[in-house]
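S.K.: Residue numbers (the numbering used here): 115 to 309.
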Amino acid sequence: MSVEILPATSDRHDDAVHAIAHGDGPSCLCQWWMVRPSDFAALTTQDKQRMLRDDLSATVAPGLIAYRDGEAAGWVRVGPRPAQTRIARTRAIVAHSREPLDDSSVWAVTCFAIRREHRGEGLMRDLLDAAVAHARAQGARVIEGYPLDPKVKRRGANDLYHGTVSVFEGAGFEVIARPRPDTAIVALTVRDTTG
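#1: Where are the beta strand (DSSP E) runs, 3 residues long or more, that stay fully inside the stretch 254-302, in chain order?
#2: Can you give the beta carbon distance from Val256 to Asp296, rounded, assuming they're within the 8 angstroms contact cut?
#3: Nearest to Gln145 by CA position, among Ala247, Val192 and Glu288, is which residue?
#4: Using the Cβ count rule (16 or more neighbours within 10 Å means buried), how would you classify Asp168?
#5: Can you find the residues in the same chain that come closer than 6 angstroms, C-beta to C-beta, to Val149, ignoring five residues on each side of it along the sequence?
#6: I'd like to know whether the C-beta atoms of Ala130 and His210 end up nearer to each other than 8 angstroms.
#7: In chain order, what residues of the same chain lie with their CB nearer than 6 angstroms to the CB of Leu274, ignoring the 5 residues before and after it?
#8: Give the secondary structure of Thr224 by DSSP, where H, G and I count as helix, E and B as strand, and everything else as coil.
#9: Got a sec, what are the start and stop residues for the alpha helix (DSSP H) Pro214 sits in?
#10: For Arg250, name the three-state secondary structure that DSSP assigns.
#11: So Trp189 packs on Ile119, CB below 8 angstroms; how close in whole Å?
#12: Give me the Cα-Cα distance between Ser116 and Asp217, rounded to the nearest whole angstrom.
#13: If the criterion is Cβ atoms closer than 8 angstroms, does the pair Val208 and Val246 meet it?
#14: Among the residues of its own chain, which have a CB less than 6 angstroms from the CB of Val220, if the five just before and after it don't count?
#15: What's the call for Pro151, buried or exposed, on a 16-neighbour Cβ count within 10 Å?
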């Protein structure tokens, strides 16, 4: 089985929807982190579809799509943290992140969607590795993630869109805080600016 990971661009819109909507994100379309909490509930499916289409038209791809044997099988959102509005309104992140919330050199990996038939094949790990490379290529200094730890508390597949601590640690991320025993804030420095 071959895996290819490509930027989520407007010409791959249908593939992005195929990966996201048939994973666990049909009601979200990876917009949860993009709006204020109070605004999310008011969004219609059509609003989220339009927002995703707009995201994919951006100059820098907002995510990556994993293709397994040519089929869109998974998705990861990765981008500058300030563009992901909900992050600055999430108390645990605000309290524990070591980085200024408005620093656009800090990127965040906030959403994974893996189609059910492709789970357990290592796609989350592959997507995270590609997300790190993508962020680094776009000038990121630090990449954060907000994964769950299913070893501490069992979670359903829907909750694992955050990623898992073990996958992030396997990619070299450091746990910088545990807001709760089963949640973590992780960070990876990809560009040293100390000279």
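Glycine included, every Cβ here is placed at the ideal spot set by N, Cα and C.
M.R.: Working from what's here:
#1: Qualifying beta strand (DSSP E) stretches, in chain order: 256-259 and 288-294.
#2: Wrong, their Cβ atoms sit about 23 angstroms apart, outside the cutoff.
#3: Comparing alpha-carbon positions, the option among Ala247, Val192 and Glu288 lying closest to Gln145 turns out to be Val192.
#4: Here Asp168 is exposed: its Cβ has fewer than 16 other Cβ atoms, across all protein chains shown, within 10 Å.
#5: Taken in chain order, the residues that qualify are Thr199.
#6: No.
#7: Around Leu274: no qualifying Cβ.
#8: It is a strand residue.
#9: Secondary structure note for Pro214: it is in no alpha helix (DSSP H), with a DSSP letter that is neither H nor E.
#10: Helix, per DSSP.
#11: No, Trp189 and Ile119 are not in contact; Cβ-Cβ is about 10 angstroms, not under 8 angstroms.
#12: Their Cα atoms are separated by approximately 37 angstroms.
#13: In terms of Cβ geometry, Val208 and Val246 do not form a close pair [threshold 8 angstroms].
#14: Contacts found: Arg195, Glu213 and Val256.
#15: Around the beta carbon of Pro151, fewer than 16 other beta carbons sit within 10 angstroms, so the residue counts as exposed.
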